[in-house]
Ligand code: NAX
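Numbering (my numbering), first residue to last: 310 to 640.
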């Protein structure tokens, strides 16, 4: 059987807990692929992974290979095919007596983590490895990691699939169609409240979702705000951030890259801008993506962006350029 090596950082965290069994079970990479898991945690937490490893063993998955715990990212990154970078420092944590509240401080601290992770994956990971950054601020973390990886054969992405799923769920209940009938749900820009979920290009049976809904007020206000603020609403309701749905979105992103995308659909993730849709090059930006039969990931071209959407794309672009500026010493 084929074997692959999958690295997961933040493996003892809540997303990690929901993610690991699904990576190991055969659901993600297929029932004929052995998955070796390389779990990474900070030194203070790495011991806890022994419990996670015992649980994974006790699941009895046929497709689970070797599971190892690391606190050294350079050792963990050896020969990895996939890296799911979930670990990061949350806002509000106290480091060296200082409470980290400012977005700028958070960007720099997490940026520091992604510098080393990038170097490790770029130098030790396999050529053609794929990297999905989940830890926030995901887009800018991915930019830092990719810069330090300096390995053009590898593909760095930041996760926006959870936002796309949240948008689909809202549309599904608004117009009473099954989620499976909603295609081409694009999340443009940053994984932050400036993201733009695009209902003009989203399709149900090849018809634009916005023209089916015919309720501009709902689209521009209720829908947009619900999707943009969904992460906060979940924290307020359950006292912890999204975990099962975030893990699910990570699994779906991996699967989307492994299966050719059907015509009239896309998957959502942020990748390095090549200037498509007038987005400046050099930022990691949410685009409509397709994976090809050859396993390449491409930005779907030629979609129409109306003037309202253009404004929204510019807002999220501006935020990403500001984030890039805030971490300029790291890239
Ligand atoms: P947890 O706090 O439960 O777990 C994070 C884990 O990462 C901890 O165990 C911590 O020890 C570990 N960690 C920190 N620094 C590390 C490093 N340098 N190397 C390895 N491990 C490290 O957070 P969890 O709820 O699992 O969320 C993880 C990240 O996902 C957060 O940054 C969160 O903001 C982000 N999210 C991103 C989403 C997205 O759609 N892109 C949605 C969900 C989630 O909010």
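Even glycine gets a Cβ: it sits at the ideal position worked out from N, Cα and C.
This one's a predicted model, so the numbers in the text were calculated from it and none came from an experiment.
Confirm the yes/no value for this check: CB of residue i, any heavy atom of the ligand NAX, distance under 7 Å.
| i | result |
| --- | --- |
| residue 471 | yes |
| residue 485 | no |
| residue 626 | no |
| residue 550 | yes |
| residue 399 | yes |
| residue 389 | no |
| residue 613 | no |
| residue 500 | yes |
| residue 555 | yes |
| residue 323 | yes |
| residue 429 | no |
| residue 350 | yes |
| residue 395 | yes |
In three-state DSSP terms, what is residue i?
| i | result |
| --- | --- |
| residue 400 | coil |
| residue 334 | coil |
| residue 455 | helix |
| residue 343 | strand |
| residue 633 | helix |
| residue 508 | coil |
| residue 469 | coil |
| residue 490 | helix |
| residue 523 | coil |
| residue 311 | strand |
| residue 351 | coil |
| residue 626 | helix |
| residue 325 | helix |
From residue i to residue j, what does the alpha carbon distance come to, in whole angstroms?
| i | j | result |
| --- | --- | --- |
| residue 603 | residue 566 | 11 Å |
| residue 572 | residue 586 | 20 Å |
| residue 626 | residue 452 | 14 Å |
| residue 583 | residue 439 | 18 Å |
| residue 465 | residue 484 | 35 Å |
| residue 352 | residue 628 | 33 Å |
| residue 348 | residue 624 | 36 Å |
| residue 517 | residue 489 | 15 Å |
| residue 538 | residue 532 | 10 Å |
| residue 493 | residue 356 | 42 Å |
| residue 432 | residue 459 | 8 Å |
To which residues does DSSP link residue i through a beta bridge?
| i | result |
| --- | --- |
| residue 516 | 513 |
| residue 498 | 595 |
| residue 536 | Paired residues: none, contrary to the question. |
| residue 480 | Note: residue 480 sits in no beta bridge, so no partner. |
| residue 441 | 393 and 466 |
| residue 318 | 349 and 394 |
| residue 580 | 594 |
Establish whether the CB of residue i and some CB of chain D are separated by less than 8 Å.
| i | result |
| --- | --- |
| residue 409 | The structure shown contains no chain D, having only a single protein chain. |
Fill in: Every unbroken alpha helix (DSSP H) within the stretch 353-424, with a cutoff of 4 residues, ordered by chain
358-368 and 382-385
Fill in: Those runs of the beta strand (DSSP E) which lie wholly inside the stretch 588-614 and span at least 3 residues
593-600 and 606-608
Worksheet item: Which full runs of the beta strand (DSSP E) of 3+ residues lie inside the stretch 541-578, going along the chain?
Response: none
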